[in-house]
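Novice: Numbering (this note's numbering), first residue to last: 17 to 685.
Just so it is clear, CB atoms sit at the ideal spot from N, CA and C, and this is done for glycine as well.
Structure below; questions to follow.
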Amino acid sequence: MTAKNILKHGDTLCARETNSLEQIAYTAEVRLRSKKDEYRWHLVRWVEIENINSVKTGVYFGSATDINDQKLLEEKLKEAMESKSRFLSNMSHEIRTPLIGISGMITFLHDTRLTEEQQDYANTIQNSANSLLLIINDILDLSKASAGMMRLSYEWFHTRSLIEDVNELVSTMAIHKGLELNYVVDETVPAWVKGDKVRIRQVLLNVIGNAIKFTTVGEVFSRCRVFVDPEAETTKGKKGVVNAKDIMLEFIVIDTGRGFSEKEAELIFKPFSQIDGSSTRQHGGSGLGLVISRQLVELHGGEMVGQAVPNKGSQFSFTARFALPSADDYPDVNTQAARASGADELEENRPESPKPKKSSTPPPPIAITMPLPPPQTYSILILCPQDHSREATSQHIEMTLPKGPPHKIRALPSADAVLEMVASQNPGPFTHVVLNVGAASNVVSTMDRIDQLECISNSTILALCDTVQRQVLMRLSPQEQPRLIRTGKVNFINKPLRPSRFATIFDPDRLRDLSIDRNRSSAERHWENQRAHYTEVGKIIGNRGYRVLLVEDNPVNRKVLTKFLEKMNVEAVVAVDGQECTEKIMAQPQGYYNMVLCDLHMPRKDGYQACQDVRAWEKRTGASPMPFIALSANVMPEVQDRCSQSGFTDYITKPVDFVKLSRTMAKFF
17 MTAKNILKHG DTLCARETNS LEQIAYTAEV RLRSKKDEYR WHLVRWVEIE NINSVKTGVY
77 FGSATDINDQ KLLEEKLKEA MESKSRFLSN MSHEIRTPLI GISGMITFLH DTRLTEEQQD
137 YANTIQNSAN SLLLIINDIL DLSKASAGMM RLSYEWFHTR SLIEDVNELV STMAIHKGLE
197 LNYVVDETVP AWVKGDKVRI RQVLLNVIGN AIKFTTVGEV FSRCRVFVDP EAETTKGKKG
257 VVNAKDIMLE FIVIDTGRGF SEKEAELIFK PFSQIDGSST RQHGGSGLGL VISRQLVELH
317 GGEMVGQAVP NKGSQFSFTA RFALPSADDY PDVNTQAARA SGADELEENR PESPKPKKSS
377 TPPPPIAITM PLPPPQTYSI LILCPQDHSR EATSQHIEMT LPKGPPHKIR ALPSADAVLE
437 MVASQNPGPF THVVLNVGAA SNVVSTMDRI DQLECISNST ILALCDTVQR QVLMRLSPQE
497 QPRLIRTGKV NFINKPLRPS RFATIFDPDR LRDLSIDRNR SSAERHWENQ RAHYTEVGKI
557 IGNRGYRVLL VEDNPVNRKV LTKFLEKMNV EAVVAVDGQE CTEKIMAQPQ GYYNMVLCDL
617 HMPRKDGYQA CQDVRAWEKR TGASPMPFIA LSANVMPEVQ DRCSQSGFTD YITKPVDFVK
677 LSRTMAKFF
C-alpha cells in the first residue's frame, strides 16, 4: 500500500505535523494484512523526500509499527469503562428509587402532630436517607476522582454540629454493640469554617463507621483540633492559622477495636480491599470507604493516615484546609444560631436574619418538668470507665454550666475510685453525680454502691443512657430497681452526648452558646420553611382546576407523588407506564392535561418514547406542547441530554426534592 493510498484508507486516522527538519510528517493508524493473511493494526509514520534543491520528489520514506495488541487492549478498556458506567448508573437508579418512599413519607410525617421525641426519630430517619444518598454519590464520585473530574462545593458550616450530626447517624450501630460514642472539639477550633460540608461529613461517616464496625468492646472517640505543621509558616498570634483567611483542622478518630498489623495496613487504602477478605469475615463493606475518603481529604489540601496496634485499637486522622470568616465573606445565619466559641465577632455590624414563621400546626401536648433553682456553686462528680468518654463528658458539662457561679468537676473511672476518694478525703457534698457507666447492669450496681454515701445524699443524679439502656432500667421491677430511681432522684440524659443535652439540667434557658442544639434548630427551620413554601406555591397552582398526569410504574413512588400533588391541591391522574401515558393523552381533547410528570424507566414503553410519541401527536394535531417533566433516578449527564433530545421540558432527579419540584411546576402554570 502506498502512502497516497494510506491517506485515502477508510480506517485511517491521520495526523499531520511539522518535524524538527521542517518537513511535513504524517502519522496514521491502519489495518494491514500480514503474511498469515490476518489484518492487524499498525502505526504508520512517513515523510515526503525532497531532492537537493528542496523540491518534493513524490517519494515517501516511512515506517510501520505493529500496535495490534495495544489497540485490542484499548478496545477492552473502553468496553470495561462503558460497562462500569452502565453498572454505576443502574445501581444509582435502583437505590435512589426506593429513597423516594422514605424521604417523601418523612416529609408528610413532619406535617402531622409529633412529640419532641418523635420529631427526633423522624429527623434521624431523614438524615439516614440523606446519608445513603451521599454514599451512592460517593461511589459515582470514585470514578470522577479517577478521571480527575471531582470538584468541591464550598459552604459555611458549624464544626461541632457537623460531628454531632455524624455521631447521631451512626449511634444506632454503637448502641447495638454497647459502645461508648463521644467527641471533643478543642476550644481553639473556630465555630464556623467554609469547606465542602457534604464531603467532610462523608469522610467522618466512613471513618467513624469503620471504627464502630471493627470495635466490639470499649469506645469510639473523635477529636477536632487546629492542626499545626511545625514546618509551615503561620500567621503571628494565631496558632494553626496558615494565613489570615485559611485554617487547617485535624480530625482524629480513636477506637478500642481489633487494630491492624503492618501487613494489613497496606490494604486499608486500596480499592475493594478488606483487612479480612475471607468468606468468613465478620465485617462487611465494599472496601471503598477509606479510598474515597482519602481522595476527598486530598482535594481539601490535607492528608489521611492510619496507625494501630493489633488487638488494642486504631487511630485514623485526617487534615483539611478551610476558609475563615472575614468582613467580606461570612456565614449567613441568624444571631442565635451564630453564637458559638470564636464566632461572636461575626455578629458585629451585621443585620439579623429574619426568623422563620411559626408553624400553623398546633404543637402536641407535652409534659413539662420545671427545673430546680440553680445552686450557688456547682460540685460535680463524674463516673465513667472510658478515658476519652470521661474527658468528653467533662467538657460537655463545662460548656453548659452558667458562667457566674463557681464550679468544680471531679471525674473518676469507677465506684471503687469514688469510695477510695471518700475514705481518704473529705470531698464535701456534690450537687450533681453523673453516671456514664455503660450497660444497664453497670448503672444498677454503681447506684447501689454509692447510694449510702453522705456526699451525694442531696445530689441530683444524672444517668447517661442510650434508648436501650433506659428501657432496660425502666422495665425492672420495683425490687430490682435501685432506690435512687424508685425515689425519682435520677434524671436521664440521652446518648449520643452533646452539650445541648446537658443544658436541660445546667442551662435550661439556653444562655450558653453550646446549649443550643443547632442540628435540631436547623431541622425545625427546614420543615417550617418547607411548609411555608408549600403554602405559597399552593396559592399559585392549587384549586385552579389544574390536572397533572403522573406516569410512574413504582407503586410506592406513585403513592408519594400523588400525596404531594394532593397537598398542592392539584388533580392527579395516574398512568403506570409510557404506553398508558400516550393512550390517556391521545384519548382526551387538547388541554385536558396541564402537565405530565414522567418516569423514564418503565415496562412496555419508557418515558423517552412516550414523550417522543406525544410530541409527534401534538405536531400532527396542532396542539400546543404541554410541559413534560422527567423524573429520573439516573443522574448521569447523558440522561439529561437524552431527555432534552426526546422533547422533555425539564428534568428532576430522584429522590425528588419537593421544593424544587413545586417551583418547577409553578414556572409552567
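Let me make sure I understand the geometry here. Which of I466, H448, T462 has the alpha-carbon closest to that of A439?
Specialist: I466
Novice: Check whether the Cβ atoms of I270 and L306 sit closer than 7 Å, and answer yes or no.
Specialist: It is not a contact, given that the beta carbons lie outside the stated cut-off.
Novice: Between W62 and E54, what straight-line distance do the alpha-carbon atoms span, to the nearest angstrom?
Specialist: Between W62 and E54, the alpha-carbon positions lie close to 23 Å from each other.
Novice: How many Å lie between S660 and I601 at the Cα?
Specialist: 20 Å
Novice: Could you compute how far the alpha carbon of N474 sits from the alpha carbon of P445?
Specialist: 8 Å
Novice: With M264 and F243 assumed to form a contact (beta carbons below 8 Å), what rounded beta-carbon distance in angstroms separates them?
Specialist: Yes, M264 and F243 are in contact; Cβ-Cβ is about 4 Å, under 8 Å.
Novice: Is H448 buried or exposed, if buried means 16 or more other CB atoms sit within 10 Å of its CB?
Specialist: buried
Novice: Examine the Cβ distances between the stretch 456 to 466 and the stretch 411 to 427 and report whether three or more of them are shorter than 8 Å.
Specialist: no
Novice: My understanding is that G594 touches R620, with C-beta atoms under 8 Å, so please give their C-beta distance in whole angstroms.
Specialist: 7 Å
Novice: Does the distance from the CB of G322 to the CB of F338 come in under 7 Å?
Specialist: no
Novice: For the alpha helix (DSSP H) holding Q656, just list the boundary residues, first then last.
Specialist: 653 to 662
Novice: Go ahead and label I556 buried or exposed: buried means 16 or more other beta carbons lie within 10 angstroms of its beta carbon, across all protein chains shown.
Specialist: It counts as exposed.
Novice: So is N198 buried or exposed if we call it buried at 16+ other beta carbons inside 10 Å?
Specialist: buried
Novice: Between the Cα of Q604 and those of V589, F103, M618, L613, spot the shortest distance and give me the residue it belongs to.
Specialist: Selected option, being the one with the closest Cα: V589.
Novice: Within a Cβ cutoff of 6 Å, which residues of the same chain sit near I396, ignoring the five residues on either side of it in sequence?
Specialist: I425, H448
Novice: Assign V201 to one of three DSSP states: helix, strand, or coil.
Specialist: strand
Novice: State the CB to CB distance for the pair N573 and I116, rounded to an integer number of angstroms; the pair is presumed to be in contact (CB under 8 Å).
Specialist: For a cut-off of 8 Å, the C-beta gap from N573 to I116 is around 5 Å, short enough to register as a contact.
Novice: Do A649 and K670 have their C-beta atoms within less than 7 Å of each other?
Specialist: Contact flag set, yes.
Novice: If you scan the stretch 171 to 219 from start to end, which runs of the beta strand (DSSP E) of 3 or more residues do you find wholly inside it?
Specialist: 171 to 174, 196 to 201, 208 to 211
Novice: Is DSSP giving E363 helix, strand or coil here?
Specialist: In this prediction, E363 has a pLDDT of 36, which is less than 50 and means its spatial position is unreliable; what the coordinates show is noted afterwards. E363 falls in the helix class under three-state DSSP.
Novice: Is it the case that the Cβ atoms of T175 and V214 are separated by a distance below 7 Å?
Specialist: no
Novice: Which same chain residues end up closer than 8 Å to I83 when comparing Cβ atoms and leaving out the 5 residues on each side of it in sequence?
Specialist: E45, W57, H58, L59
Novice: Would you mind working out which of L148, T81, E180 sits nearest L530, comparing C-alpha positions?
Specialist: With distances taken between Cα atoms, L530 lies closest to E180.
Novice: How about S405 and E184: are their beta carbons less than 7 Å apart?
Specialist: no
Novice: Pull up the distance between the alpha-carbon of G253 and that of S330, whole angstroms please.
Specialist: Caution applies to G253, whose pLDDT of 46 falls short of 50 and renders its modelled position unreliable; the value that the coordinates give is listed next. If you take the alpha carbons of G253 and S330, they lie about 34 Å apart.
Novice: Between the alpha carbons of V553 and F674, how many angstroms are there, rounded?
Specialist: Roughly 11 Å between the two C-alpha positions.
Novice: If distances are taken between C-alpha atoms only, which option among E634, Q86, P401 comes closest to S430?
Specialist: P401
Novice: With DSSP run on the structure shown, which of helix, strand or coil describes S119?
Specialist: S119 falls in the helix class under three-state DSSP.
Novice: Tell me which residues share the same chain as F508 and place their Cβ nearer than 6 Å to its Cβ, disregarding the 5 neighbours each side in the sequence.
Specialist: A479, C481, R486
Novice: Measure from the alpha carbon of C240 to the alpha carbon of each residue in T232, F230, S177, K261, then state which is nearest.
Specialist: S177
Novice: Whole angstroms is fine: what's the gap from K92's alpha carbon to L566's?
Specialist: 41 Å
Novice: Whose CA, out of F664, P421, N222, lies closest to the CA of D622?
Specialist: F664
Novice: Using only CA atoms, which one of V488, S493, R658 lies nearest to H617?
Specialist: R658
Novice: Please classify P341: is it buried, with 16 or more other beta-carbons within 10 angstroms of its beta-carbon, or exposed?
Specialist: buried
Novice: Comparing C-alpha positions only, which one of I224, E282, E278, E319 sits nearest to T272?
Specialist: Cα-wise, what sits closest to T272 is I224.
Novice: Using the DSSP secondary-structure output, state which residues sit across from E596 in a beta bridge.
Specialist: Answer is none; E596 lacks a bridge partner.
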